[in-house]
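Notes to accompany the following structure.
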Amino acid sequence: MKYFLTLIQLWVGFLSICASYPKANIWIIPSVESPQVYRNYAQTSKVHLEMARGEVEHIQLVFPSKVNEEYRFTFDRYLKGIQISARELKKMNGYYDALVPFKNQLKCTDTLTAVWITVQCPSRVPVGKYHQTIKIEGSKHFTIQLDYNVHHTTIPLKSSIPITVGVENRCMTEGLNDKEADKERQRWVDFVLSYRMTPVFGTQITPERWQYEHSFSPWAWNDKRSIRLLNDRRYSCYMLPFFTLSENELASLLCNIQKKGKLKESLFYIWDEPAYMEDYEQIKRKVNIIRKYASDARILTTFFCGPRNGPRKGDLYAVFDYLKHHIHVATISLAPCKGNEEEVQHIRYKVPEGIDWWSYVCWQPGGNEPNFLLQMKGIQQRAVMWRTWKNGSQGFLYWNCNIYHKRNPFTYITDMPHGDGILIYPGDILGCKGPIASARLERWRDGAEEMELLRLVEKNYSKEKADTLLNIVYSSPLSFIEKAHNIPFFRKELLDQLDKTIPIDYKLRITDFI
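Read in this note's numbering, the sequence shown has 15 at position 10, and its numbers run on one by one without any break.
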């Protein structure tokens, strides 16, 4: 009896000690949500992720905080190649968007703190189940349990369709001396490629028409660093410069590209959104110059409207007739379709034989359609590449990822919706070196990885099978889930179906890592 009473006293004492610690309130929310809606989710300290090899997944940890509170983050173990990192999700001009890295120690700057946890699963990680713990210590204490199920499926190193994104040279190196600017260029090359995008470095040459010199490299095409980039397997294509080259230099460039066997993977992006008859004539003249030195060189142009003058004024399909003998990739804005996928398919049908059809978004489409704009929901940003797969685009282009109006104080482009043209921030404005990802970029990459899974389902089963799975989260540009609840189920269904296609003899032995 005395022993029993002693146990009760010890238990009461333990409970009183626990009660003296601050209550550890923490929420784990999906990466597509804004931290401001964290109370829509139940408090939890556990999360489970289903992953393909070669994939990156994210969660957010959200907790109320006080300004200047400090917390230390500790990851309990190294897991055979799985990489985990933490970044603070910070506001930029009122929007939760910038993902700022920190080294284990975080000093809170607001009354609500959001920490973005990234789990990266390289392609050679063994299939199996993994467990990891994050300990967060400060004025409050949290312990987060992460469980990963790594499937047999491996997504490719680079995108299975060309995906290009513009990088504004001026904004990339503004305020840096020559030596530091060179280092920054290399940082941006590696950073953009790590997000399954092919960088297209641009310098504006005619401001009144937004005409750019585009290149696969931030250095001269014949610089040894550019030559190395031609051998980088992460590039899905190579944009070649034109405007700044003499004809002799152009001939030399094309000779070099042909010798390296890269001409089929290369493109000249010589005009952005031509809209007048004289624009089409200029394109033809420039193409004829290029063909003098490489008759099979490939040409890309983007457009969102028909000619604004001439006999077929306003006819979108007139562009195909005017340029069908001069371009090889027609990159068309999704904005004119106004969310109507039947109209998108009508455009595809009208594309002349032998011309690839890519799609793009910019400051439009808006409203509820998928796009990158800051005022949009995270689901809309993730759905950009769901839509790309669904509508059959053979490539995807985004005009710019780092353009801004002013660096200090940082301001978005003033005459466009906030977020248009910027997915990556200059690190120095946030106390870091190199580029800083936005939450929108991470959400986009999640969708791009899921596009790869859909393409694998289509290849191994059928387009109809993949479409049925996508319908769990997305059926059209104006009809898809508003919240994240179905995404884990959608991903598990994709991965489970793909696991069934792996022959037993080739499956890696599944091992549990405790």
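Yeah, the Cβ is synthetic: ideal placement off N, Cα and C, and Gly gets one too.
Touching by the beta-carbon criterion (3+ pairs, under 8 Å), the segment 105-113 and the segment 43-53: no
Does DSSP classify residue 256 as helix, strand or coil? Position 251 of the sequence shown holds residue 256. Residue 256 carries a helical assignment under DSSP once its states are collapsed to helix, strand and coil.
Per DSSP, which one or two residues make a beta bridge with residue 92? Position 87 of the sequence shown, counting from 1, holds the residue named residue 92. Partner(s): 106 and 121.
Out of 288, 270 and 31, which has the shortest C-alpha to C-alpha gap to residue 4? The question about residue 4 has no answer, for the chain in this structure spans 6 to 519.
Going by C-alpha distance, which of 87, 252, 491 and 315 is nearest residue 153? Translated into positions along the sequence shown, residue 153 becomes position 148. Among 87, 252, 491 and 315, the Cα nearest to that of residue 153 is on 87.
In chain order, what residues of the same chain lie with their CB nearer than 7 Å to the CB of residue 181, ignoring the 5 residues before and after it? For the purposes of this step, residue 181 is taken as residue 176 along the sequence shown, with counting starting at 1. Correct list, in chain order: 189.
In terms of residues, what are the limits of the alpha helix (DSSP H) holding residue 450? Taking the first residue of the sequence shown as 1, we reach residue 450 at position 445. DSSP places residue 450 in the uninterrupted alpha helix (DSSP H) bounded by 444-465.
Of the residues 420, 425 and 413, which one's Cα is nearest the Cα of residue 537? The structure shown does not extend to residue 537, since the chain is modelled only from 6 through 519, so no value can be given for it.
Burial state of residue 67 (16 or more Cβ within 10 Å): On the sequence shown, residue 67 is found 62 positions in, with the first residue counted as 1. Taking every protein chain shown into account, the CB of residue 67 has 16 or more other CB atoms within 10 angstroms, so this residue is buried.
Would you please state the rounded distance, in angstroms, between the beta carbons of residue 457 and residue 271? I believe it to be under 8 Å. Translated into the one-based positions of the sequence shown, residue 457 becomes position 452. Translated into the one-based positions of the sequence shown, residue 271 becomes position 266. The pair is not a contact, with the Cβ atoms about 23 Å apart (cut-off 8 Å).
Are the CB atoms of residue 500 and residue 138 nearer to each other than 8 Å? Translated into positions along the sequence shown, residue 500 becomes position 495. Translated into positions along the sequence shown, residue 138 becomes position 133. Cβ atoms of residue 500 and residue 138: not closer than 8 Å.
Through-space distance from residue 347 to residue 514, alpha-carbon basis: Position 509 of the sequence shown, counting from 1, holds the residue named residue 514. Position 342 of the sequence shown, counting from 1, holds the residue named residue 347. Confidence in residue 514 is poor, its pLDDT being 46 and thus under 50, which makes the residue's placement unreliable; the coordinate value appears in the next sentence. In a straight line, the C-alpha of residue 514 is about 46 Å away from that of residue 347.
Determine the closest residue to residue 242 out of 302, 463, 187 and 156, with distance taken between C-alpha atoms. Numbered from 1 along the sequence shown, position 237 holds the residue referred to as residue 242. Cα-wise, what sits closest to residue 242 is 302.
When you compare only the Cα positions, how much space is there between residue 26 and residue 99? Locating residue 26 in the sequence shown gives position 21, counting from the first residue. Locating residue 99 in the sequence shown gives position 94, counting from the first residue. For residue 26, the predicted model reports a pLDDT of 42, less than 50, meaning its position is unreliable and no value from the coordinates is stated.
If you follow the beta strand (DSSP E) that residue 496 is in, where does it begin and where does it stop? By one-based count along the sequence shown, residue 496 stands at place 491. Run containing residue 496: none in the beta strand (DSSP E); it sits in the alpha helix (DSSP H), 492-504.
Under the three-state reduction of DSSP, which class applies to residue 327: helix, strand or coil? As a position in the sequence shown, residue 327 is number 322, starting the count at 1. The answer is helix: DSSP assigns residue 327 an H, G or I state.
Close beta carbons around residue 317, own chain, < 7 Å, minus the five adjacent residues each side: Taking the first residue of the sequence shown as 1, we reach residue 317 at position 312. Within the same chain, residue 317 has close Cβ partners 311 and 323.
Proximal residues to residue 245 (C-beta, below 6 Å), its chain only, five neighbours per side dropped: Sequence index remark: in the sequence shown, residue 245 carries index 240 (1-based). Close CB contacts of residue 245 within its chain, under the 6 Å cut and outside five residues either way in sequence, are with 271 and 273 (chain order).
Does the segment 483-491 come within contact of the segment 189-199, defined as at least 3 CB pairs closer than 8 Å? no
Which partner residues of residue 360 appear in the DSSP bridge assignment? Locating residue 360 in the sequence shown gives position 355, counting from the first residue. Paired residue(s): none; residue 360 is not in a bridge.
Ends of the alpha helix (DSSP H) at residue 152? The residue given as residue 152 occupies position 147 in the sequence shown. Not the alpha helix (DSSP H): residue 152 falls in the beta strand (DSSP E), residues 146-159.
Should residue 175 be labelled buried (16 or more other beta-carbon atoms within 10 Å of its own) or exposed? Here residue 175 refers to the residue found at position 170 when the sequence shown is read from its first residue. Classification of residue 175: exposed, given that the 10 Å Cβ count is below 16.
Residue 192 lies in the alpha helix (DSSP H); which residues open and close that run? Mapped onto the sequence shown, residue 192 falls at position 187. Element bounds for residue 192: 183-198.
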